[in-house]
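Colleague: One structure follows; several queries about it will come next.
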Amino acid sequence: MCGIIGIKGNDEVAKELFVGLLALQHRGQNAAGISTYDGERFYYKKDTGLVSRVLSEEYLRRLHGSIGIGHVRYPTIGSGGEEDAQPFLINSPVGMAMVHNGNIVNYFELRRTLEKRRYLNSFCDVEVLLNIFAENFDKDPFKATEKIMDITNGGYSVIAIVSGLGLFAFRDPNAIRPFIFGRRGENYIFASESVVLQILDYKVIKDLEPGEGILIDENGKVTQRIIKKGAPRHCIFEYIYFARPESFLDGLSVYQKRLNLGKELSKETQRQGVKPDVVVPIPDTSRPTAIALAEELDVPYREGLIKNRYILRTFIMSTDEERAMYIKYKLNPLVSELRGKKVLLVDDSIVRGT
148 MCGIIGIKGN DEVAKELFVG LLALQHRGQN AAGISTYDGE RFYYKKDTGL
198 VSRVLSEEYL RRLHGSIGIG HVRYPTIGSG GEEDAQPFLI NSPVGMAMVH
248 NGNIVNYFEL RRTLEKRRYL NSFCDVEVLL NIFAENFDKD PFKATEKIMD
298 ITNGGYSVIA IVSGLGLFAF RDPNAIRPFI FGRRGENYIF ASESVVLQIL
348 DYKVIKDLEP GEGILIDENG KVTQRIIKKG APRHCIFEYI YFARPESFLD
398 GLSVYQKRLN LGKELSKETQ RQGVKPDVVV PIPDTSRPTA IALAEELDVP
448 YREGLIKNRY ILRTFIMSTD EERAMYIKYK LNPLVSELRG KKVLLVDDSI
498 VRGT
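In the numbering used here, the protein residues as written are 148 to 501.
Shown next, in the form of structure tokens:
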């Protein structure tokens, strides 16, 4: 799980990219980065840490250009060090920068093949995608992407800056990871979630189709093409946990999906004969589900666990030891709402068991 954003504008885009990444911070806290292009050269800044730490005002002033991409990272492959932070850049056959959200299942197989003719600097899967894209580019990003889709297994949403060409985005043939396209005047945007467009005042054009590529050239001309279409297989965890509740993914409200889960959960609760005194959510993601469950059961909804908002999301921490330590400090019981009551706790999922 990562968050990506790309903007083709008429003025400097670094500050908008920064705001967009703040809106996507929940999708990755390991690293952050931005790359921009001014028509002559690339600029970039990336490092481990939160967006506000990595991308200071001083660095944002140095990121010139009307085309840019940004990334927040939760590591699924690699060590999680600075060398795996995105964007990744390459200078042959032309200058390119790329960001990626997803997981390449056959990453190590692709890496071994590439290493026979290229040197790779990291264990980040986007570096493999970028090298495959560059090798097959031949001035046609759609052709290069077709090669990626032919040989990779997994889910991916990708944005690339290509010097002399523009901003290019594509989504895997099964549309596993969310990806949305929008416009504000003559500016265009790609992002992992619609909340970014809402905050930056862009209008939604569409969610990218399965296997679709979209090119915004340097003059603002839009070219769209289905490269390799498959059956949609959207990741259910986006609706349950990953995404912000105010986002719409592939036309569906995340908040409404979570309410619907609460209604379904009430049916199972009633079948089991459970009769709680109160319904309490594990904050924050499960709140809509807990609210709907309490309404359906006609029992009080209460905030029984208070969250320390300065503790990071424990699911996307790197080790079990980190998660165990932080979960202890993250949630504190509101004893007055819990003592002597039969409490029905609602969590969005059980992934790590912490």
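We treat Cβ as the ideally placed atom computed from N, Cα and C, and that holds for glycine.
Confirm, please, whether the CB-CB distance from I363 to K155 is below 8 Å.
Modeller: Within the sequence shown, numbered from 1, the residue matching residue 155 stands at position 8. Within the sequence shown, numbered from 1, the residue matching residue 363 stands at position 216. Cβ distance < 8 Å, so K155 and I363 count as in contact.
Colleague: In terms of DSSP beta bridges, what is H173 paired with?
Modeller: Translated into the one-based positions of the sequence shown, residue 173 becomes position 26. Beta-bridge pairing links H173 to no other residue.
Colleague: Starting from the Cα of I323, find the closest Cα among P435, Y335, S483 and D397 and give me that residue.
Modeller: As a position in the sequence shown, residue 323 is number 176, starting the count at 1. I323 has its Cα closest to that of D397, out of P435, Y335, S483 and D397.
Colleague: For R405, collect the residues of the same chain with a Cβ closer than 6 Å to its Cβ; drop the 5 residues on either side in sequence, then sort them by chain order.
Modeller: The residue labelled residue 405 in the question sits at position 258 within the sequence shown. So the qualifying residues of the chain are P435 and T436.
Colleague: Less than 8 Å between the C-beta atoms of G409 and I438, yes or no?
Modeller: By 1-based counting over the sequence shown, the position of residue 409 is 262. By 1-based counting over the sequence shown, the position of residue 438 is 291. Their beta carbons are under 8 Å apart, which means G409 touches I438 by this criterion.
Colleague: Across the stretch 239–250 and the stretch 301–310, are there enough close Cβ pairs to call them in contact, namely three or more that are closer than 8 Å?
Modeller: The stretch 239–250 is in contact with the stretch 301–310.
Colleague: If we ignore side chains and look at the alpha-carbon of each, how far apart do G212 and L164 end up?
Modeller: Counting from 1 along the sequence shown, the entry for residue 212 is found at position 65. Counting from 1 along the sequence shown, the entry for residue 164 is found at position 17. Whole-angstrom Cα-Cα distance: 12 Å.
Colleague: For P430, which residues in the same chain have their Cβ closer than 7 Å to its Cβ, ignoring the five residues on either side in sequence?
Modeller: Position 283 of the sequence shown, counted from the start, is the residue given in the question as residue 430. Once the five neighbours on either side are set aside, the close Cβ partners of P430 are L452 and K454.
Colleague: Just curious, the beta strand (DSSP E) that L261 is in, first and last residue?
Modeller: Locating residue 261 in the sequence shown gives position 114, where the first residue counts as 1. Careful: L261 lies outside any beta strand (DSSP E), inside the alpha helix (DSSP H) at Y254 to L261.
Colleague: For Y378, count neighbouring C-beta atoms within 10 Å of its own C-beta (all shown protein chains included) and say buried if the count is 16 or more, exposed if not.
Modeller: Taking the sequence shown and counting its residues from 1, the one referred to as residue 378 is at position 231. Residue identity differs from the one stated: residue 378 is Ala in this sequence, not Tyr. When all chains shown are included, A378 counts as exposed.
Colleague: Is it the case that the Cβ atoms of D319 and C271 are separated by a distance below 8 Å?
Modeller: Residue mapping note: residue 319 aligns to position 172 of the sequence shown, counting from 1. Residue mapping note: residue 271 aligns to position 124 of the sequence shown, counting from 1. Against a cut-off of 8 Å, the Cβ pair of C271 and D319 comes out as no contact.
Colleague: I'd like the list of long-range same chain contacts for P447, defined as Cβ closer than 6 Å, with 5 residues on each side in sequence excluded.
Modeller: Sequence index remark: in the sequence shown, residue 447 carries index 300 (1-based). For P447, where only same-chain residues beyond five positions count, the Cβ hits under 6 Å are V425.
Colleague: Which residues does DSSP list as the beta-bridge partners of S182?
Modeller: Position 35 of the sequence shown, counted from the start, is the residue given in the question as residue 182. The partner list for S182 (beta bridge, DSSP) reads Y191 and I216.
Colleague: CA-CA distance, E274 and L478?
Modeller: Position 127 of the sequence shown, counted from the first residue, corresponds to residue 274. Position 331 of the sequence shown, counted from the first residue, corresponds to residue 478. Computed Cα separation, rounded: 38 Å.
Colleague: Secondary structure at L396, three-state DSSP: helix, strand or coil?
Modeller: Taking the sequence shown and counting its residues from 1, one reaches residue 396 at position 249. Three-state result, L396: strand.
Colleague: Name, in chain order, the residues that DSSP records as bridge partners for E359.
Modeller: For the purposes of this step, residue 359 is taken as residue 212 along the sequence shown, with counting starting at 1. According to DSSP, E359 bridges with I373.
Colleague: Starting from the C-beta of A441, find all residues in its chain whose C-beta is less than 7 Å away, skip the five residues before and the five after it, and write them out in chain order.
Modeller: For the purposes of this step, residue 441 is identified with residue 294 of the sequence shown, where counting begins at 1. Closer than 7 Å at the Cβ level, and outside the excluded window around A441, lie V426, P447 and Y448.
Colleague: If you follow the beta strand (DSSP E) that D272 is in, where does it begin and where does it stop?
Modeller: Locating residue 272 in the sequence shown gives position 125, counting from the first residue. Counting along the chain, D272 falls outside any beta strand (DSSP E), though it belongs to the alpha helix (DSSP H) covering D272 to E282.
Colleague: Considering just the uninterrupted stretch of the alpha helix (DSSP H) at G196, what are its terminal residues?
Modeller: For this step, residue 196 is matched to residue 49 along the sequence shown. Neither: G196 is in no alpha helix (DSSP H) and is coded neither H nor E.
Colleague: Between the stretch 166–179 and the stretch 196–203, can you find at least three pairs of beta-carbon atoms closer than 8 Å?
Modeller: A contact exists between the stretch 196–203 and the stretch 166–179.
Colleague: The beta strand (DSSP E) with L502 in it runs from where to where?
Modeller: Here the chain comprises residues numbered 148 to 501, so residue 502 is not present and cannot be evaluated.
Colleague: Note down the Cα distance separating V219 from S483, rounded to an integer number of angstroms.
Modeller: Indexing the sequence shown from 1 puts residue 219 at position 72. Indexing the sequence shown from 1 puts residue 483 at position 336. Roughly 39 Å between the two C-alpha positions.
Colleague: Do R372 and K350 have their C-beta atoms within less than 8 Å of each other?
Modeller: Your numbering for residue 372 matches position 225 in the sequence shown. Your numbering for residue 350 matches position 203 in the sequence shown. Cβ distance not < 8 Å, so R372 and K350 don't count as in contact.
Colleague: Which residue marks the beginning of the alpha helix (DSSP H) containing V343, and which one marks its end?
Modeller: The count along the sequence shown starts at 1 and reaches residue 343 at position 196. Segment S341 to L347, the alpha helix (DSSP H) holding V343.
Colleague: Pick helix, strand or coil for P423, following the three-state DSSP scheme.
Modeller: Indexing the sequence shown from 1 puts residue 423 at position 276. Reduced to three states, the DSSP call for P423 is coil.
Colleague: Tell me which residue opens and which closes the alpha helix (DSSP H) that F289 is part of.
Modeller: Here the question's residue 289 lines up with position 142 in the sequence shown. Segment P288 to I298, the alpha helix (DSSP H) holding F289.
Colleague: Just to confirm before moving on: does the CB-CB distance between T432 and D495 stay below 8 Å?
Modeller: One-based indexing of the sequence shown puts residue 432 at position 285. One-based indexing of the sequence shown puts residue 495 at position 348. For T432 and D495, yes; Cβs fall inside 8 Å.
Colleague: CA-CA distance, E411 and S394?
Modeller: One-based indexing of the sequence shown puts residue 411 at position 264. One-based indexing of the sequence shown puts residue 394 at position 247. In a straight line, the C-alpha of E411 is about 21 Å away from that of S394.
Colleague: Which partner residues does Y335 have in the DSSP bridge list?
Modeller: Within the sequence shown, the letter at position 188 stands for residue 335. Partner(s): K155 and R330.
Colleague: Check for me: the alpha helix (DSSP H) holding V401 runs from which residue to which?
Modeller: By 1-based counting over the sequence shown, the position of residue 401 is 254. Where V401 is concerned, the enclosing alpha helix (DSSP H) stretches over V401 to R418.
Colleague: Please state if the CB of I214 and the CB of L314 are separated by a distance shorter than 8 Å.
Modeller: Reading the sequence shown from its first residue, position 167 is the one you call residue 314. Reading the sequence shown from its first residue, position 67 is the one you call residue 214. Yes, they are a contact pair.
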